[in-house]
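Accompanying notes for the structure given below.
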Amino acid sequence: MNKFDLEHLQSFVTAVEAGSITAAAPLRCISQSALSEQLRKLEMRTGQTLLIRAKSGVVPTLAGERLLTHARSLLEMADSAWQDLQGISLSGEVSIGITDYCRPDTTIDIMARLSRLYPHLRLRTRGGTSADIFAAWQRGELDLAIVMMIAGSGIHTNTGRAEVLFREPLQWVRGVDGAQKDTAAPVLLALLSESCTLHRVACQTLKNHHRHYAIRHIASGVRGLQEAITAGLGISCLNLSSMNPTNMSSPIELALPGLPEAEFVLYSRDFSDANKLRTCESFSQILLQMLRKK
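The sequence shown begins at 1 in full-length UniProt numbering and counts up by one.
See below:
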């Protein structure tokens, strides 16, 4: 019987969206070798080469592009079937704030999938820095909030609940054509504003290791920062899923100090209204499931 393994399809979609097996493996919470084996089995099942593998990452072949469309539909149908069997039917309104660093290339796709799965649910979304998102959640302006913090720094909330979604390594990155090689020269940085967690981490890490630096460029958002890095405007500190392996590389020759891990935390409110509480709890669980699959 010809059939697909949904786990293999999810790994395939994640590898394509992440741009490399290295980036996809932690998103799937498996080793690189295990993910590679899943992709190999999928290619054996289809009898087709699905990915072109290179040092810069992976890109789908023509057969891979065709499968990608089918895979996304099959995974969405599987999610829909699971939710239906669980008796979950969401309606009403949910407001959610999401830090711009949270899977910037896939989060909007997840929101679109949720909208298709639950046509009677109205979503209000807000992007921004973790500090702004968390402050809005504390003021009661948001039902849910996804923020980034440094792993081990502690989760603080006087109201509601908090749950770690996933962790990712932080890495120094630059554009692939970056030319700074003088280890004695100040490290030229491209960052977001001073309120950004990764801005503070980058500067404090360099200070702690007595490395001189100069802030060369301040971007207004993650997308703008990615473009600035690609253009060679400076070295930056990014979480793994915000990196584009095709246009970015690690400045290994500068021997920059190691960086901590980042963790993404979902904050949810406690509501006195039973229907609102049930809707937000169900939405949170679905969101957790989808993000942890990626």
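Every residue, glycine too, gets a C-beta built ideally from N, C-alpha and C.
It should be emphasised that the depicted structure is a prediction, and the values quoted were computed from it without experimental measurement.
Whole-angstrom distance between residue j and residue i, CA atom to CA atom
i           : j           : result
residue 279 : residue 264 : 22 Å
residue 58  : residue 22  : 10 Å
residue 24  : residue 215 : 31 Å
residue 196 : residue 131 : 7 Å
residue 287 : residue 164 : 12 Å
residue 270 : residue 186 : 48 Å
residue 110 : residue 210 : 42 Å
residue 282 : residue 121 : 12 Å
residue 33  : residue 166 : 20 Å
residue 105 : residue 74  : 20 Å
residue 206 : residue 170 : 14 Å
residue 16  : residue 254 : 30 Å
residue 193 : residue 162 : 26 Å
residue 273 : residue 71  : 38 Å
Three-state secondary structure (DSSP) of residue i
i           : result
residue 64  : helix
residue 280 : helix
residue 97  : strand
residue 256 : coil
residue 244 : coil
residue 199 : helix
residue 218 : strand
residue 272 : coil
residue 261 : strand
residue 250 : coil
residue 125 : strand
residue 303 : Since the displayed the chain opens at 1 and closes at 294, residue 303 lies outside it and no answer follows.
residue 224 : helix
Assumed close pair residue i, residue j - CB separation to whole angstroms, cut-off 8 Å
i           : j           : result
residue 191 : residue 218 : 6 Å
residue 61  : residue 50  : 6 Å
residue 266 : residue 142 : That belief does not hold up - the Cβ atoms of residue 266 and residue 142 are roughly 11 Å apart, past 8 Å.
residue 7   : residue 38  : 7 Å
residue 225 : residue 236 : 6 Å
residue 94  : residue 123 : 6 Å
residue 45  : residue 4   : 7 Å
Segment limits, alpha helix (DSSP H) that includes residue i
i           : result
residue 169 : Element bounds for residue 169: not the alpha helix (DSSP H) but the beta strand (DSSP E), 161-175.
residue 130 : 130-138
residue 27  : 21-28
residue 117 : 107-117
residue 184 : Unbroken run through residue 184: none, as it is neither H nor E.
residue 40  : 32-46
Where the beta strand (DSSP E) through residue i begins and ends
i           : result
residue 8   : Where residue 8 is concerned, there is no enclosing beta strand (DSSP E), although the alpha helix (DSSP H) it sits in stretches over 6-18.
residue 50  : It is not in any beta strand (DSSP E) - residue 50 carries neither H nor E in the DSSP assignment.
residue 145 : 144-150
residue 190 : 187-191
residue 238 : 236-239
Beta carbon proximity, residue i to chain D, threshold 9 Å
i           : result
residue 235 : Of the protein chains in this structure there is only one, and it is not chain D.
heavy atom of the ligand SAH below 8 Å from residue i C-beta
i           : result
residue 142 : Among the components modelled here there is no ligand, and therefore nothing to report on the ligand SAH.
Touch check for the segment 96-115 and the segment 127-147: three-plus C-beta pairs under 8 Å? Contact holds: three or more Cβ-Cβ distances are below 8 Å.
Segment contact flag, the segment 255-274 with the segment 196-212, C-beta cutoff 8 Å, min 3 pairs
Three or more beta-carbon pairs separated by less than 8 Å link the segment 255-274 to the segment 196-212, which places the two stretches in contact.
Examine the Cβ distances between the segment 163-180 and the segment 245-253 and report whether three or more of them are shorter than 8 Å.
As far as the Cβ criterion goes, the segment 163-180 touches the segment 245-253, which means the pair count is three or higher.
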